[in-house]
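Colleague:
Residue numbers (full-length UniProt numbering): 1 to 264.
(1) For the ligand COA, is there a heavy atom less than 7 Å away from the beta-carbon of residue 154?
(2) Just grab the DSSP bridge partners of residue 206 for me.
(3) Please state the DSSP three-state secondary structure of residue 227.
(4) Tell me whether the segment 54-67 and the segment 195-209 touch, counting them as touching only if at least three CB pairs, one residue from each stretch, are closer than 8 Å.
(5) Straight-line CA distance for residue 11 to residue 216?
(6) Can you tell me which of 157, 172 and 175 puts its alpha carbon nearest to the alpha carbon of residue 51?
(7) Whole angstroms is fine: what's the gap from residue 265's alpha carbon to residue 153's?
(8) When you compare the segment 20-27 with the segment 155-174, are there three or more beta-carbon pairs, one atom per stretch, that lie closer than 8 Å?
(9) Less than 8 Å between the CB atoms is what I'm expecting for residue 178 and residue 130, so what's the real figure, rounded?
(10) Ignoring anything shorter than 4 residues, give me the alpha helix (DSSP H) runs that lie fully in the segment 155-192, in order along the chain.
(11) Just mark residue 222 as buried or exposed, buried being the case when its beta carbon has 16 or more other beta carbons within 10 Å.
(12) Just verifying my parser: in three-state terms, what is the DSSP assignment at residue 12?
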């Protein structure tokens, strides 16, 4: 019997095996096929949920504790999620109790302050935060860098790392936080690195490594790039637009080799 399906397939449909992007969806008349439309609505719902999902701090802290890594629980000046979304400025600074807690644990300073914050996707932090922290801590130990107290921040934005790093007297600070969810990436983790953190730093003074997740940039490769930035920052005493990521990308263990679909 002839195929009576109302859907007209796209000849590039095989390329969908190589990317989660919405390409070659086909059509049904002048519209999208039902499957593609339902998939779009589901992805949109996932992205919305990722923004509002609360971070399970206890579970994340327990995962780190298994590897003998403790953490301090902090909060930003944004008291709840609604205020966090409406007042980005409050997510960039600590509340008074958290600031006092940090001052008590500052000690004589450290080489690296490592911050974990929920950002705009707690889902990303829940899935990828602990594995990345373990990779970074392992590299710090290998380099002989002193790691300060790991801090876990609720309702935090990127710039809150500057205050944390300054209060801990850290030479460098790294913050891991959930990126704004996309329709194909509700769990994308971002990493921001700053040399000589202090309140008032701006975005041009930070380096960003984004889309850290198994479907994007792997934990190994993200850590490799970060280590290059940290070494160069220590040598040149700067970070941000003046520090370019020129790390050579070796074939790391366990990394799939990327091919070119145009060459077969």
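Ideal Cβ placement from N, Cα and C applies to all residues, glycine included.
Modeller: Looking at the atomic coordinates:
(1) Of ligands this structure carries none, so the ligand COA is not represented either.
(2) To locate residue 206, count along the chain shown from 1; it is residue 206. Its beta-bridge partners are 194.
(3) The residue given as residue 227 occupies position 227 in the chain shown. Here residue 227 sits in helix by DSSP.
(4) no
(5) What you label residue 11 is simply residue 11 of the chain shown in a count that begins at 1. What you label residue 216 is simply residue 216 of the chain shown in a count that begins at 1. One C-alpha to the other measures close to 26 Å.
(6) Position 51 of the chain shown, counted from the start, is the residue given in the question as residue 51. Comparing Cα-Cα distances from residue 51 to each of 157, 172 and 175, the minimum goes to 157.
(7) The requested residue 265 does not occur in the structure, where the chain is confined to residues 1 to 264.
(8) no
(9) The residue labelled residue 178 in the question sits at position 178 within the chain shown. The residue labelled residue 130 in the question sits at position 130 within the chain shown. That pair is no contact at about 14 Å.
(10) 160-167
(11) As a working mapping, residue 222 is identified with position 222 in the chain shown. The residue in question, residue 222, is buried, as its Cβ has 16 or more Cβ neighbours within 10 Å.
(12) Locating residue 12 in the chain shown gives position 12, where the first residue counts as 1. Three-state result, residue 12: coil.
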